[in-house]
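Asks:
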Amino acid sequence: MDKNLAKTYDPKEFENRIYEAWEKSGAFHAEGDLEKTPYTIVMPPPNITGQLHMGHALDHTLQDVLIRWKRMQGFDALWLPGSDHASIATEVKVADKIRTEEGKTKEDLGRDEFLKRAWEWKETYGGKITEQCRKLGDSCDWERERFTMDEGCNKAVTEFFVRLYEKGLIYKGNRIINWCPSCGTSLSDAEVEHEDKNGKYYYFRYPAENGGEGIVVATSRPETMFGDVAIAVNPADERYTDLVGTNVILPIVGRLIPVIADPYPDMEKGTGAVKITPAHDPNDFEVGKRHNLEELCCINPDATMNAEAGKYEGMDRYACRKAWVADLTAAGFLTKLEDVVIPTGECYRCKDVVEPRLSEQWFVKMEELAKPAIEAAMKGDLVHVPERFEKIYLHWLEEIRDWCISRQLWWGHRIPAYYCDDCGEIMVSATTPLLCTKCGSTKVRQDEDVLDTWFSSALWPFSTLGWPEKTPDLAHFYPTNVLVTGYDIIFFWVVRMVFSALEIMGEVPYKYVYVHGLVRDGEGRKMSKSLGNGIDPLEVIDQFGADALRFMLTTGISPGSDLRFKMDRLESCRNFANKLWNASRFVIMNLLDEDGSMKALADSEKEISELALKDEDKWMLAKVNDAVAEVTGNMDNFDLALAGQKVYELIWNEYCDWYIELVKQRLYGNDEADKTVARTVLVKCLKDMLTLLHPFMPFITEEIYSHLPQTEGMLISAAWPIADEKRKFEESTSTMELAMDIIRCIRNIRAEAEAAPTKKLRAVIFADELGTQKIKACENHIRILGGLTEIDFIKDKTEVPEEVMSGVVDGIELYIPLDDLLDYKAEFQRLEKEKIRLEGEVERISGKLNNPGFTAKAPEQVVALEREKVEKYKDTLNKVVERLEIIAKKL
RNA sequence: GGGCGGUUAGCUCAGUUGGCUAGAGCGCCUGCUCGACAAGCAGGAGGUCGUUGGUUCGAGCCCAAUACUGCCCACCA
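In our numbering, the protein residues as written are 3 to 893.
Encoded structure:
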């Protein structure tokens, strides 16, 4: 405790140790204390498919910043962690693993054995993920960790399914769905990615039954022609009026199909005639329904052709297309070939082209569920941050179609539907029925399919808190406060959580949806395995420390936009940590006695006003106080980046660059009482700064905190500071600002004269009474930080020595005698530049003030400020000009 | 086809309700091993805020148009 920090900042030395200490202290655990206001964040559960990537690091850090901040503010802060079974994604990975390691398919293994392997996978990767969370510093409540397929979540899923079914909101239907031939399962609309691909329109002639020309139709998928059951034309289309009601011949196949009139075909598009394939196209399906057409399927689930394709049976869809087109062309049916861009749907997991396919699946009826979710956003019960994401959310809900929830997979929640083999009765039940409820048969079997992985995710905010049981956690921590997630999963997840929660719990699952962007590589490309441009958060942590990574991720972003991962930014964040480390080391060094014990310190908790504070103390305290207000305000608005940057500036630019330097002279002096004051302020400010920074850089701040005197417990559990309206110290602040301006001016002159920093100089100051008074108040600082031996105040301009360089600050004239180092040319240039600048300012502001519109319409304060400014500039300008004239003569 | 972003210093980006002498980090130039820190200190150069109009006393910020760029959505003869 009473030992100083190590010489160099080495995050590896303490990060793991500190995490363990936090965990041991119980700080992560939310008590469920009814006396306290709860603040809840439920972690978007990472998929157990692999390791955490940079996107998770961003997502988690934002959540951790919020939860640590709220915890410090005294809330009963719960960050509930967990992971997602990720049905399709995991199944694909596990199947891949079995294929490469054992050369077997999942069918070879059978359902039970495959599931065993999947659970093994879960044990391995689930553990890895939580390990990574710890490295990042996630302060989540591990005692409440959940998994989407644990007992409680299973129960919630079943319960939810049964309730929706009983309300008629879940149904089984035969409809066109998105089918992924590679994964062998149906997909929801959200799981299909759209991409424009180069393709062709093939125009084929369907000859008339009676030997006439027939009709020409275009298609981009000729292989579906085997499923054609009609040709549709618009009833208003005069070109085809005569043909409606007659039959045409499906080329080569020879099957007769009717020409029907339906409003669906657009007369402007293609030939105005559309082939109708109800089993392989959603529009055609609707047309088929209207006209009672057969739903003729010609493609198998694995994307090979079935018997309807005749000699092409068994061929892959694309091989078939090629051969079939060649045959049709040879037979003279092709009338035209057109290059065209075809919007194509791809599976979001394996990128295979999705085949629209008629299939019997379970669906959630969306219209009724979507309405309250739309209203919640419109009413403001649900708020998106930044708000533009609300549009995306609303658009999706307004356009929503029924949600296909059954998947032809094994890894996931099995659908709680049961079929009687004797009478065909469908039973949906939370418990397995032993007998058919209708006929009493024992031949009851459960539906083979599992549910969409997002079905369980949709319940996450309340299933994790105990629903469907009425648990104390659910009562206390629900609804949660904020959901933090990337914009890429608004459709998959956010929307579904909201309507599920509104349906089940009767209120939104969280008030705020805090949306962030994606982490991209240095060139702005999406990080991906295939590109090999991913950066592993663990490697970064190993090299720079978790705090640097966290700070880079949280301060380098603007809300909702993507972040480019730049190594140099990471480095600068690490440098910041190092800066803080060394500043703290300086402070502690000055608290230690020779024997290693802590020097006496005034009680930091004591009213600051009771101390004999110097101007610089007051200035620093005011700066910290301002920062507390600003940072807290930023956090309230979810402006984490601004908050973090503010703390950065406070620590580096104000505390390190100025306060520490200003206070050194006192620390090295002999006034013991004053030394105590300086030390007290140093420590007090450092503590506040560490607290403000803690949510962003928890490890280093905790480590430093543990070395400071008069601390209780750990920083993670310390109280967030509250700004004091009264702590402005305006007079001291203005004195210090003048001192800094003068010091900067002296340094500037030194640099231009190339005076060595160690070279002691003398200064002569000419100012009016007030100016002289002000300078005298901070004379010592100017002398020491300006490297001056003495400052002479003169009453008469004639006393200005020869051979000087000069500057004007705030109307105060400053002269530095330099004899041999004198560089009038440099000074002339500097003053000339200053003159031009001032002239510009004077002109600009005078222009404003001479504009009657401005003085009449602008707020009084603004006008007064401008008047004040212009007077100051004019005065300084005059002095600069006067000096320039003198120098001009010397040049 | 519909929608949403972005366009500010060489690079990556801030700039909260219009009042700014337009900022930061990195990079660049000059000088510094002075008792926290070279992962540092001090000083400096560098921008007509994509273009064109408009509103306003005042526009990087608001409105309109336009160019370029990125993304999302879309049942796609």
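For each residue, glycine too, the CB sits at the ideal point set by N, CA and C. Nothing here was measured: the structure is a model prediction, and the numbers come from that model.
Enumerate in chain order the residues of its own chain whose CB-to-CB distance from Ile259 is below 7 angstroms, with the five nearest sequence positions on each side excluded.
Replies: Here the question's residue 259 lines up with position 257 in the first sequence. If we look at Ile259 and ignore the five residues flanking it on each side, its Cβ neighbours are Asp230, Val231, Ala232, Ile233, Asn249, Val250, Leu252.
Asks: Would you call the CB atoms of Trp364 and Ile402 closer than 9 angstroms?
Replies: As a first step, residue 364 must be located in the first sequence, where it is residue number 362. As a first step, residue 402 must be located in the first sequence, where it is residue number 400. Cβ atoms of Trp364 and Ile402: not closer than 9 angstroms.
Asks: Tell me where the alpha helix (DSSP H) around Leu396 begins and ends.
Replies: Along the first sequence, read from residue 1 onward, the residue named residue 396 stands at position 394. Segment 391 to 400, the alpha helix (DSSP H) holding Leu396.
Asks: His783 to Gly773, Cα distance in whole Å?
Replies: For this step, residue 783 is matched to residue 781 along the first sequence. For this step, residue 773 is matched to residue 771 along the first sequence. Cα to Cα, His783 sits roughly 16 angstroms from Gly773.
Asks: Where does Thr433 fall in DSSP's three states?
Replies: The residue given as residue 433 occupies position 431 in the first sequence. In the structure shown, Thr433 sits in coil (DSSP, three-state: anything other than H, G, I, E or B).
Asks: On the DSSP bridge list, what partners appear for Gln363?
Replies: Here residue 363 refers to the residue found at position 361 of the first sequence. In DSSP, Gln363 forms a bridge with Gly175.
Asks: Taking the Cβ atom as the reference point for each residue, do Ile278 and Val289 lie within a distance shorter than 9 angstroms?
Replies: Position 276 of the first sequence, counted from the first residue, corresponds to residue 278. Position 287 of the first sequence, counted from the first residue, corresponds to residue 289. A contact, by the Cβ cut-off of 9 angstroms.
Asks: For the putative contact between Trp24 and Ile786, defined by C-beta atoms under 8 angstroms, what is the C-beta separation to the nearest angstrom?
Replies: Position 22 of the first sequence, counted from the first residue, corresponds to residue 24. Position 784 of the first sequence, counted from the first residue, corresponds to residue 786. Wrong, their Cβ atoms sit about 42 angstroms apart, outside the cutoff.
Asks: Taking the alpha-carbon of Tyr480 as reference, which of Met507, Trp495, Phe493 has the nearest alpha-carbon?
Replies: Taking the first sequence and counting its residues from 1, the one referred to as residue 480 is at position 478. Of the candidates Met507, Trp495, Phe493, the one whose C-alpha sits nearest the C-alpha of Tyr480 is Met507.
Asks: If Ala643 and Ser563 are in contact, beta carbons under 8 angstroms, what's the gap, nearest whole angstrom?
Replies: Numbered from its first residue, the first sequence carries residue 643 at position 641. Numbered from its first residue, the first sequence carries residue 563 at position 561. About 11 angstroms; that fails the 8 angstroms criterion.
Asks: Can you tell me where the alpha helix (DSSP H) holding Phe464 begins and where it ends?
Replies: For the purposes of this step, residue 464 is taken as residue 462 along the first sequence, with counting starting at 1. Per DSSP, Phe464 belongs to the alpha helix (DSSP H) from 462 to 465.
Asks: Taking Glu362 as the reference, give the member of Thr306, Lys174, Gly201 with the closest Cα.
Replies: The residue labelled residue 362 in the question sits at position 360 within the first sequence. Selected option, being the one with the closest Cα: Lys174.
Asks: Take Leu533 and list the residues in its own chain whose beta-carbon comes closer than 7 angstroms to its own, dropping the five residues that flank it on each side.
Replies: Start at 1 with the first residue of the first sequence, and residue 533 comes out as number 531. Excluding sequence neighbours, Leu533 sits near Arg527.
Asks: What alpha helix (DSSP H) runs, 4 residues minimum, are completely inside the region 594 to 667?
Replies: Runs of the alpha helix (DSSP H) inside the region 594 to 667: 617 to 638, 642 to 651.
Asks: Please confirm whether Phe662 and Leu7 have their CB atoms less than 9 angstroms apart.
Replies: Numbered from 1 along the first sequence, position 660 holds the residue referred to as residue 662. Numbered from 1 along the first sequence, position 5 holds the residue referred to as residue 7. As written in the sequence, residue 662 is Ile, which differs from the Phe given in the question. Cβ atoms of Ile662 and Leu7: not closer than 9 angstroms.
Asks: Of all the options Ala88, Ser85, Phe116, His87, which has the alpha carbon lying nearest to the alpha carbon of Ile100?
Replies: For the purposes of this step, residue 100 is taken as the residue at position 98 of the first sequence. Of the candidates Ala88, Ser85, Phe116, His87, the one whose C-alpha sits nearest the C-alpha of Ile100 is Phe116.
Asks: If you follow the beta strand (DSSP E) that Thr337 is part of, which residue opens it and which one closes it?
Replies: Along the first sequence, read from residue 1 onward, the residue named residue 337 stands at position 335. Residues 336 to 349.
Asks: Report yes if the C-beta distance between Ala680 and Leu669 is below 9 angstroms; otherwise report no.
Replies: As a working mapping, residue 680 is identified with position 678 in the first sequence. As a working mapping, residue 669 is identified with position 667 in the first sequence. Against a cut-off of 9 angstroms, the Cβ pair of Leu669 and Ala680 comes out as a contact.
Asks: For Cys438 versus Asp449, is the C-beta distance shorter than 9 angstroms?
Replies: The count along the first sequence starts at 1 and reaches residue 438 at position 436. The count along the first sequence starts at 1 and reaches residue 449 at position 447. Going by C-beta atoms, Cys438 is not nearer than 9 angstroms to Asp449.
Asks: Considering only their Cβ atoms, is the gap separating Tyr512 from Pro470 smaller than 9 angstroms?
Replies: Reading the first sequence from its first residue, position 468 is the one you call residue 470. Reading the first sequence from its first residue, position 510 is the one you call residue 512. Their beta carbons are not under 9 angstroms apart, which means Pro470 does not touch Tyr512 by this criterion.
Asks: Buried or exposed: Lys616, going by 16 or more other Cβ atoms within 10 Å of its Cβ?
Replies: Looking up residue 616 in the first sequence gives position 614. Looking at its Cβ environment, which holds 16 or more other Cβ atoms inside 10 Å, Lys616 is buried.
Asks: Can you give me the start and stop residues for the beta strand (DSSP E) that Trp24 sits inside?
Replies: As a position in the first sequence, residue 24 is number 22, starting the count at 1. First-last for Trp24: 13 to 27, but that is the alpha helix (DSSP H), not the beta strand (DSSP E).
Asks: As a quick exercise: from Glu377, Glu17, Glu153, pick the residue whose alpha carbon is nearest that of Leu396.
Replies: By 1-based counting over the first sequence, the position of residue 396 is 394. For the residues Glu377, Glu17, Glu153, the minimum Cα distance to Leu396 belongs to Glu377.
Asks: Hey, could you find the ends of the beta strand (DSSP E) Tyr266 is sitting in?
Replies: Here residue 266 is taken as the residue at index 264 of the first sequence, counted from 1. First-last for Tyr266: undefined, no H or E at that position.
Asks: At what residues does the beta strand (DSSP E) containing Gln448 begin and finish?
Replies: The residue labelled residue 448 in the question sits at position 446 within the first sequence. Residues 446 to 448.
Asks: Is it true that the CB of Ala721 sits closer than 9 angstroms to the CB of Cys780?
Replies: To locate residue 780, count along the first sequence from 1; it is residue 778. To locate residue 721, count along the first sequence from 1; it is residue 719. Result no, Cβ atoms of Cys780 and Ala721 do not sit closer than 9 angstroms.
Asks: What does DSSP give as the partner residue(s) for Gly809 in the beta ladder?
Replies: The residue given as residue 809 occupies position 807 in the first sequence. Paired residue(s): Leu816.
Asks: Please identify the residue among Lys686, Ile217, Lys799, Gln831 whose C-alpha is closest to the C-alpha of Ala769.
Replies: Working through the first sequence from its first residue, we reach residue 769 at position 767. Among Lys686, Ile217, Lys799, Gln831, the Cα nearest to that of Ala769 is on Lys799.
Asks: What whole-angstrom Cβ distance do Pro83 and Met56 have, given they're in contact under 8 angstroms?
Replies: Residue mapping note: residue 83 aligns to position 81 of the first sequence, counting from 1. Residue mapping note: residue 56 aligns to position 54 of the first sequence, counting from 1. The pair is not a contact, with the Cβ atoms about 19 angstroms apart (cut-off 8 angstroms).
Asks: Does DSSP classify Tyr203 as helix, strand or coil?
Replies: Residue 203 sits at position 201 when you count from the first residue of the first sequence. Here Tyr203 sits in strand by DSSP.
Asks: Mind checking who Asp78 pairs with in its DSSP beta bridge?
Replies: Here the question's residue 78 lines up with position 76 in the first sequence. Answer by DSSP bridge pairing, in chain order: Pro40.
Asks: Using the Cβ count rule (16 or more neighbours within 10 Å means buried), how would you classify Ile1?
Replies: A query on residue 1 cannot be resolved here, the shown segment of the chain reaching from 3 to 893 and no further.
Asks: Comparing C-alpha positions only, which one of Thr434, Asn655, Glu841 sits nearest to Val872?
Replies: Your numbering for residue 872 matches position 870 in the first sequence. Of the candidates Thr434, Asn655, Glu841, the one whose C-alpha sits nearest the C-alpha of Val872 is Glu841.
Asks: Please state whether the Cβ-Cβ distance between Ile43 and Asn483 is less than 9 angstroms.
Replies: For the purposes of this step, residue 43 is identified with residue 41 of the first sequence, where counting begins at 1. For the purposes of this step, residue 483 is identified with residue 481 of the first sequence, where counting begins at 1. Yes, these two residues count as a Cβ contact at 9 angstroms.
Asks: Tell whether a beta-carbon distance below 9 angstroms holds between Ser222 and Tyr203.
Replies: Counting from 1 along the first sequence, the entry for residue 222 is found at position 220. Counting from 1 along the first sequence, the entry for residue 203 is found at position 201. Yes. Within cutoff.
Asks: Look at the Cβ atom of Thr556, then the Cβ atom of Phe698, and state whether they are nearer than 9 angstroms.
Replies: In the first sequence, residue 556 corresponds to position 554, counting from 1. In the first sequence, residue 698 corresponds to position 696, counting from 1. It is a contact, given that the beta carbons lie within the stated cut-off.
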